[in-house]
Amino acid sequence: MAVAARVAGVLLTAFFFGLTFEGIGRKVTARIQKRYGPPWYQNFIDVLKTLTKHGWTHGWIFDFGVVMALGGVIATLTFVPLGNFVAFPGLDNFFVIVYLFTVGALGMAMGMVGTGNPWASIGVARALTLMLGYEVPYLIVITSLLYNFKTSNISTIVEIQSVNGWNIFRFPIGALVAFICLQGMLGKEPFEAPIAPAEIASGPMVELSAKYMGLLMLMNTFMEFVEISIFVDLFLGGGNYFEFLLKYLTVWIFAIMISAVLPRFRIEQAVYFYWTVPLLLAFIQVFLVVAGM
Amino acid sequence: MITLLIAVPLALAFATIPLRKLARLILPVVVLANLVILFALKPHVGKIIELGSWPAVYGITLFFDEVAFYFLSFVNMMFLVISLITRDERFSIPLLVMNAALNGLILTADFFNSFVFLEIIAITSYIISTDKDNALGSFKYLIFGGVASIFYLIGAVFMYVQGGTLNMAYSSYIIGMSNPELMKTALVLFAITLLVELKVLPFGLWVPDVYGNGSALTPVVLGSVVSTATVYLFSRLSLTFVDEHLPPVFYYTVLASIVLSQLGALYQKNLGRTLAFASMASMSTVVASLLTRQESVVSTALFYLFTDALAKFVLFTVYGNLGVANFRNAKTTGIAFTFSSLSLVGVPIFAGFWGKYYLLKALFEQENYVLAIVVLVSTLIELAYVTKWNIEQWFAKKETTKGEIENIDLPFVQKLFVLLSALILLVIGLFPQLLLDKTNLLAEKLFDFQLYRDIFFGKGGM
Amino acid sequence: MQNILLVAIIGSVAGYLLSLFYRRLGPIILLLISLYAFAMLWEIPSNTAENFLGYDVLYLTTLGKYFALLSLIVFSAYAIFNIVWIETLKTPHAFNALSILTLAGTLGVFFTTNLVVLYIFWELTVFASLFIVPMSKSEAKRAAVWYVTITAIGSFAFLFATFLLYSKFYTFDLVEISRNLSQLPKPTIWLVVCSMLTAGIAKSGVFPLHVWLRNVHGKAPDTFSAVLSGQLVKMGSYLIALLLSIFPVTTLFPHFYGGVNILSYILIWLGNVSILVGTLMAIKQNDMKMLIAFSTVANSGYILIGLALLDQVGFAGGLFHVFNHAIAATMIFLSFAAVVYRTGTTKIDELGGLIHRMPVTFITYLVGIISLAGIPPTSGFISKWMIFQSLVSRGMFVTEIFVFVGSIGSFLYVFRPLAGVFLGQLKSKYKDVREVPIIMQIPMILLVLVTVFFGVFPGQVLEFIVGAQKEFGIDAFQYEGTKLITSMGYWDTWIVFVMFAVGFLIAAVLYLITPKGKKIPLEDQYTSGEFLHNFDLYHYASRFYAFLEREYGDHPSLENLYASLVNALKSLGKGIDYLVSRTASAYVFWLGVILLLLWKGW
Amino acid sequence: MLYDLSEMFREALSVPYYYLPLFLVSVGIYGIVSQRNLFKQLVSLGLIDTGVNILIISLGYIQGMEAPIYSAVTPIAKFVDPLPQALVLTAIVIGVGVLGLGATLLIKIHERYGTLELDELKFSKEHQRWQEIMDDEGDVGV
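Protein chains in written order, with our numbering: chain A, 27 to 319; chain B, 650 to 1111; chain C, 113 to 714; chain D, 11 to 152.
Below is the structure:
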């Protein structure tokens, strides 16, 4: 029963704070762009409103894809440690989380392409290509951490940091690379080509309406939560629940601020970028780790 | 008694010149009679026969031992099959003459006689290779053969001048005792002549034009029968009478010949020429193995020789009659073709596999890695084009129209023999020991000059 | 084992004769033989020696048993599918006979440690499968020649090594040889081991001998591609696994990096390049079968990396990946066969929207690619996870790049047929397409269940793998029930699956309690405000990743290199032919030259 | 050590009656190599044959000996070696056979291609094949 409570805790945290932080992010973006911006609870309104409307569907795969996307991300979320708050201690294997994560992504991609709209296909193709770009340096950096600590459990690394100090100070280059990759994962500028509303009509989201939109907004929130949480856990020392949320908010605002002022890369430029600068930096980090520095 | 093997076909050949039809009918009978005589004489192997009761040193002698027996049986059996499947009566008389000469070549123990028989075989070969109006190819063959045979003649006379007798055993013994270098020189002369018939590359350049002309008869007779008999002579000369290796340049030439003729085959766009090059390659492989002068290798070379001759018989018969066939309309023939060609390459469960298997095994036991690698590489190339031609014929594009139906498959008799040969290859493939025992025996005898000599000296004496 | 082999060999003749009466009997016989063999084999304990036709040559290792059972699963699925599919073939009899013969050959390979017997069965398999390849498309003729030639490069190298070993030890028995191998001088060991591995590399489609896969898999009869990719390629992996584990590789070759010896390191690099080549080429393909053919190259690379690590986790991961890829590739190719059965094309951009007509086929493909891409809760993830764990624990970061590129790249390429063939706009040409007959659906559904089942309960597969590891003295992979344990942490397939179900349930509940959506036709779309008259063209399928493809568009091609090599050989042959076509005069001249050479000596 | 060619030549040149066969064989080989006419090639083959035959006879010649004929006047065993002469007789017969056959073949070639010149022959062979291809295609068209 304790497990169920912990799982519920993680999910509710992600729901409330995820949406809240998104709202704050919108506010921050607006202020940077000299606008007033929506209130912090705007995202709750958006989700609830969309979920109560009647929408359109393009067939069962569309419905199935949406459910699979949300379900997959929820499943992933339950394994992510929020600082020292872990639903399944010992089971937070990094690779399991990364790969479980793709279930949701696949569900979304499948459902959206299932609408039959080519803009969605283009968006998904771009998203996958971008993924090919950022995952490689990201995984290299993270695996260098795992190699260094001889474990692939995230919470173990969190524990080690509480003794040794944050990894962002021990591995500054790695943290930098991971953050650049995080920007791509979040789909924020300058790596925003898969969605690009002005170019491909929001790409995967082109045919979304009502509750489908709402469910995918939730999914998106959860995805961001997973991505940032892993970064916070691995580099910023996790900490207790509230420290964790604070760190989370910091990273999130930082990412938002960067995205607010940058234009977007073309997709192959993004891949090229990822495979040159961050990958090189990642290998410098690897060299330092292997050399024991 | 064994003399009949030479006398009867020869006599009947000349007797039937006015009656061509009769010659065609007589040919299988004669060959069958040969076989009967052979098997009747099997208990008497290891004998010499002195014609006209002259002592062996001076007179003409025939030598009949196990080696000769098996080669004779093979040659005559192939001849029987050929005589049964050939419907062309033009070549019956040359075939009779050739049969006599082949028997003579295998039996004779006299240098000059072997030259004469060789020339008779050559002349009949020239005639047979004019099949399908291929006079030009035949002429090319004639020039090659004509020039080459002179070396044999010089060699024979050389042996006589040095040894004082034309008898193989005596003169090689005498020269071997007094001056082995001279013996080797003579052997080089003999070898150059034989290499033309053995289709080793610079000397075998006539082969594609003669074999690849679309005739069914020419390549079968020349490839499966004449080559086999020539291998006999070559192995006798180079293994029994000489204790030393031929100059290494021979070996390297033959090795190059294996690979180059496979490459030639790979390039060909014509199945006949492909097969011609392939038979050059396999004969070169046999020669290369003989040149190693190691008993186990020679034994497997003979194994390889017999299975290869059988496979080539099938391939050439099918090609000669059907051209590039469409096997979907001729399944039995197709299966025989495929079996034989796979055996040729050395695919497991066919006889050819064991040929290559024992060959490689023997080569590795002797640590002869160069030839082993050459054999493997050449097999690889062979595999590529054999596969290509098999697939080409099994999955031919053109659908046969009704008008063509008569000639889309082999006639019954040919189909029977082709299938039979393919099945023999399969049976030998399943039970290789059947043939291997024989070839082991042959190899042992081939190397036993002591025995050969003893038979002569015991009988004739100087 | 002897009985199984004999039944299969006799069965191939029976299959031929019976299909003459009724063509569907052939696949049924294959199915019966597969089931019989499966039942028999399951009972045979490993490390059993048996006679074959009076020769003491059969020996069942756990590894062999594992591969044999896996093959039988693939063949059973193939057989069931063929019962209906066989109607499309022009030459069903030969197809049936050769299919059964292929099974016999491949089982023979797994049942022996005698090198010559292994070679014989190996070639039997190659030649039986060779003649199946060109049965449905005439373009496959050239492909078949490439297939047999490249496989033969490997098998002849193997034969070479076999005889080399024979000349040293006078035995063909692999177990006995491996005991004495260290007595040989170093260069010989290198030569022998590398030559033998070449056979496995050629057969499993690892760089640089991968070039045959594209055309052979792509143009072979549709269901046979499943066997080619799911089973025959695994024969190569078997050989690699057997050789690497039975030879004391770790003591024979010096240590290089991260606890990996130099030979393994070279193999891992071959695996790396295979992954890169396979992935990048797969992304480019427009023909769905060729796409998966290249994916087979990449996955063979994964398997090779796993096996070459030769440790507790990596080796087990490699063996598990064999299982996963075999099942996944079979599923994918069978679903393609179903698509081709109904539509007659393999070009991705000629299809679209088939999910609305062929849902079962789609599900099969979907689960297949989920497993192929290594996404939980299918079994495909387990093996990838194991390989990752092993690589990370050794700090092999360069290899990781390739492995990760291959892993992420696999999402890219498997999505291409998904989007182009099954999703998107349904082409008006295929409006009336129906789902394939129920008999064809059965194997697909069964394989889906197998994949998910072993993804959640991998115990049975792991038991075999652990058995194989123990047999060859490698530390056994640790697992308790559904909990997989490595030195760097563990995970539990069951809990992950449960949480997956919970997440799904939450999403489903959310979906169900919210207002229902209205079903609208595919043509009812956002069209940028344009009037569209032809929705066939409103489908993004051709050059799906054009923006990525052009980044490596002018890559060097090994296929071209080999082709030009063959051309070079042919022009040598042409030179010989030129000599022939010249008239006699030139040759006698040559004769003279040779003669002179002879006299002067060499 | 292999047999030394130059040694052999020196030996041959020291004996005057080897000059003729050497000359004939050289001319024959040159003819076969250089001539583009098939008949001339055949004649060259004949020359080589003759040269070799003479060589063989000279091998059996012993300086100062007499012809190997038994009679009341000839002293016993002061003959040259008779066997090479006998062999040469056979060789000549065979040579005639080969030459005759060669001539027959040439006639056939001439009948078929209308020429014995290799260069023309090549062209006419090519021409003929081309003609055959055209014929085949004509059949298909009809």
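For every residue, glycine included, the Cβ atom is placed at its ideal position computed from N, Cα and C.
The structure presented is a predicted model; accordingly, all values stated were derived computationally and were not measured.
Where residue i and residue j are concerned, what is the direct C-alpha to C-alpha distance, given to the nearest angstrom?
| i | j | result |
| --- | --- | --- |
| Val-621/C | Glu-642/C | 37 Å |
| Gly-872/B | Phe-852/B | 15 Å |
| Tyr-860/B | Asp-780/B | 10 Å |
| Glu-127/D | Ile-907/B | 33 Å |
| Ile-66/D | Phe-962/B | 40 Å |
| Leu-1008/B | Phe-233/C | 20 Å |
| Pro-489/C | Leu-215/C | 31 Å |
| Phe-509/C | Tyr-369/C | 11 Å |
| Gly-708/B | Gly-794/B | 28 Å |
| Leu-143/C | Thr-261/C | 30 Å |
| Thr-457/C | Asp-399/C | 9 Å |
| Leu-951/B | Thr-1088/B | 6 Å |
| Gly-318/A | Leu-108/A | 29 Å |
| Ala-308/A | Gly-137/A | 34 Å |
| Ile-998/B | Phe-1080/B | 9 Å |
| Tyr-71/D | Ser-683/C | 53 Å |
| Gly-124/D | Gln-811/B | 49 Å |
Grouping DSSP H, G and I as helix and E and B as strand, with all else coil, what is residue i?
| i | result |
| --- | --- |
| Lys-631/C | strand |
| His-367/C | strand |
| Gly-601/C | strand |
| Phe-890/B | coil |
| Ala-264/C | helix |
| Trp-197/C | helix |
| Ala-749/B | helix |
| Lys-595/C | strand |
| Phe-620/B | An answer regarding residue 620/B cannot be provided, because it is not within the stretch 650 to 1111 covered by chain B. |
| Ile-776/B | helix |
| Gln-343/C | helix |
| Lys-696/B | strand |
| Gln-45/D | coil |
| Arg-32/A | helix |
| Asn-296/C | Just to set this straight, residue 296/C is Leu in the shown sequence, not Asn. The answer is coil: DSSP assigns Leu-296/C none of H, G, I, E or B. |
| Phe-41/A | helix |
Using a Cβ-Cβ cut-off of 8 Å, state whether residue i counts as contacting chain C.
| i | result |
| --- | --- |
| Met-1111/B | Caution applies to Met-1111/B, whose pLDDT of 33 falls short of 50 and renders its modelled position unreliable; the model cannot decide the point. |
| Glu-294/A | yes |
| Val-1023/B | no |
Can you pull the DSSP bridge partners for residue i?
| i | result |
| --- | --- |
| Val-372/C | Tyr-369/C |
| Thr-78/A | Answer by DSSP bridge pairing: none, since Thr-78/A is not bridged. |
| Asp-399/C | Lys-459/C |
| Leu-172/C | Thr-160/C |
| Leu-616/B | Because chain B is modelled from 650 through 1111, residue 616/B falls outside the range shown and cannot be assessed. |
Residues of chain F with CB under 7 Å from residue i, in chain order?
| i | result |
| --- | --- |
| Lys-1010/B | Among the protein chains of the structure shown, namely A, B, C and D, there is no chain F. |
Is residue i close to chain B? Criterion is C-beta to C-beta, closer than 8 Å.
| i | result |
| --- | --- |
| Gly-685/C | yes |
Output yes if chain A places a C-beta closer than 8 Å to the C-beta of residue i; else output no.
| i | result |
| --- | --- |
| Lys-631/C | yes |
task: Enumerate, from N- to C-terminal direction, the unbroken alpha helix (DSSP H) stretches of 4 or more residues contained entirely within the segment 531-577 of chain C.
output: 550-568
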